[in-house]
Amino acid sequence: MNLPVFRFAPSPNGLLHLGHAYSALLNRDMTEAAGGRLLLRIEDIDPGRCTPDLEQAILEDLHWLGVRWEGAVRRQSQHLPDYARLLARLQAGQLVYPCFCSRGDVRAAVAAGGPDWPRDPDGAPVYPGTCRNLPPARVSEQLASGQPHVWRLDMKVAVAGLGGTLRWSDAGEDGAIRDISADPAAWGDPVLARRDVPTSYHLSVVHDDALQGITHVVRGRDLYFATSLHRLLQELLGLPAPVYRHHRLILGEDGRKLAKSAGSASLRDLRETGHSPEDIRMLVGLSPPRGSTAMPPP
């Protein structure tokens, strides 16, 4: 039987905070309890926000926490051609289309639709489909002229090609596996790539999880609904589906999720004020590692 494979996959667009520490430590604990392997992936596809200095800070924080991983670190920025090839497969299958709308165009269309315009699971207005059925000649002309665009998944076409109900396996806090019905259509036509970056989080994560043989994805509850979209992409691209676990989020004093953009205290701040790795475990509500945190085999 193959060993379970877990991963921790931060983005170097800010310093790690307690929420990241909880996810990293939980992945480490579950890996050890399952006798598996833990991999580290740096998700740095956003060149405007991700920097080498922040990546180095992440590595230092993980070492300080006692989180160790196996093998080389995979940096997504070094593998953009892999994602471009994946996008090309979707283009060849007419599952994606170029969208030339600016953010202002989308906002105007949504505003014209009234206050009851549908929203995706993240709370953003669903794309109105303005460019979904543009005449091929116009599309070719705009692409040839270099007009800025993104590539969107044609959700209606993608869902129509499914051979039945889409589902995923999700492990709760008690480790019991639950069969979850996916609802990717709730996302509308999501962006899968941009003109300057041939991928998105959604496309790159399903590619890398499959490539690295990830069997167990342990990540925050904030990504629970994104799993529906990831399962759809896995089906469209013939990629395996791991077992998922969506852990609780670490909240600040205001009851909101910790976030780099909100200025949440970083691990570096806590370390510099005298906190120990043991203190961090206590702050995020983790007891010493136990075998009971293991997830069932895939």
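Each residue of the sequence shown is one higher than the last, beginning at 1 in UniProt numbering. C-beta atoms are modelled at their ideal positions from N, C-alpha and C, and glycine is treated no differently.
Asked                                                                                                 : Found
Where the beta strand (DSSP E) through S169 begins and ends                                           : R167 to A171
Contained alpha helix (DSSP H) runs [length at least 4] in the segment 87-170, N- to C-terminal order : 103-112, 136-144 and 155-160
V243 - containing beta strand (DSSP E), residue span                                                  : V243 to H247
Spatial distance of A265 from P184 (CA atoms)                                                         : 34 Å
C-beta atoms of A182 and L232 nearer than 8 Å                                                         : yes
Those residues which DSSP pairs with H17 across a bridge                                              : S266
Alpha-carbon to alpha-carbon, P242 and G14                                                            : 28 Å
Selection from A144, V73, D154 and G48 that minimises the alpha carbon distance to A186               : D154
Three-state secondary structure (DSSP) of I177                                                        : strand
Reduced DSSP secondary structure (H/G/I, E/B, other) of V206                                          : helix
With 16 other Cβ atoms within 10 Å as the buried cut-off, status of P12                               : buried
Nearest-angstrom Cα separation, counted from G66 out to G35                                           : 17 Å
Reference E278; option with closest CA among W64, Q56, Y127 and P10                                   : W64
DSSP state of R281 mapped onto helix, strand, coil                                                    : helix
CB contact flag (A109, P128, <8 Å)                                                                    : yes
Whole-angstrom distance between E272 and R167, CA atom to CA atom                                     : 45 Å
Residues near L3 by beta carbon distance below 7 Å, same chain, minus five either side                : G35, G36 and R37
Buried versus exposed, by CB contacts within 10 Å (16 or more), D196                                  : exposed
Stretch pair the segment 212-223 + the segment 20-32: three plus CB contacts closer than 8 Å          : yes
Min CB distance S228 to chain B below 8 Å                                                             : The structure shown contains no chain B; it is built from a single protein chain.
Residue burial classification, G164 (beta-carbon count within 10 angstroms, cutoff 16)                : exposed
Spatial distance of R7 from R41 (CA atoms)                                                            : 7 Å
Segment limits, beta strand (DSSP E) that includes R231                                               : R231 -> not in any beta strand (DSSP E); alpha helix (DSSP H) instead, spanning A226 to L237.
Nearest neighbour of P125, chosen from G113, N133, P136 and C131 [CA to CA]                           : G113
Per DSSP, cross-strand counterpart(s) of G66                                                          : Note: G66 sits in no beta bridge, so no partner.
For G220, the first and last residue of its enclosing beta strand (DSSP E)                            : H216 to G220
Between the CA atoms of L229 and Q147 - distance to the nearest angstrom                              : 27 Å
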